[in-house]
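Numbering (the numbering used here), first residue to last: 60 to 162.
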């Protein structure tokens, strides 16, 4: 089991964009990822649970990761919090089909 603490660096707090990136990264691993903010616990694979942490700018997030790939999982989740810009933690690769007549 690995533990780490990170801070929310985004003035908007842990909102939908970085939370989505965090959950996507968490789902890529076999390990269990738990986040804790002020006695609130969240499963790192649940977008709703992560958003309900209500982590604001400056909040300290305790990360607890356990499993076969815990080192890699912890590094991946920590990397989300290291982005200075919350939009940089967003998914920016959208592939639009401009040939589609419905667009």
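Just so you know, even glycine gets a beta-carbon here, dropped at the ideal spot from N, CA and C.
- Residue 113 has its alpha-carbon roughly 26 Å from the corresponding atom of residue 131.
- As DSSP reads the structure, residue 101 sits in a beta bridge with 94.
- Residue 99 has its alpha-carbon roughly 12 Å from the corresponding atom of residue 122.
- The C-beta distance from residue 81 to residue 103 rounds to 7 Å, short enough to meet the 8 Å contact threshold.
- 8 Å or more divides the Cβ of residue 72 from the Cβ of residue 137.
- In the three-state reduction of the DSSP assignment, residue 61 falls in the strand class, which pools E and B.
- DSSP places residue 129 inside the alpha helix (DSSP H), whose first and last residues are 129-141.
- With fewer than 16 neighbouring CB atoms inside 10 Å of its own CB, residue 66 falls in the exposed class.
- Runs of beta strand (DSSP E) with 3 or more residues, each lying fully within the segment 68-94, are absent.
- Taking each of 140, 133 and 141 in turn and checking the Cα distance to residue 85, the smallest one comes out for 133.
- The C-beta distance from residue 125 to residue 90 rounds to 6 Å, short enough to fall under 8 Å.
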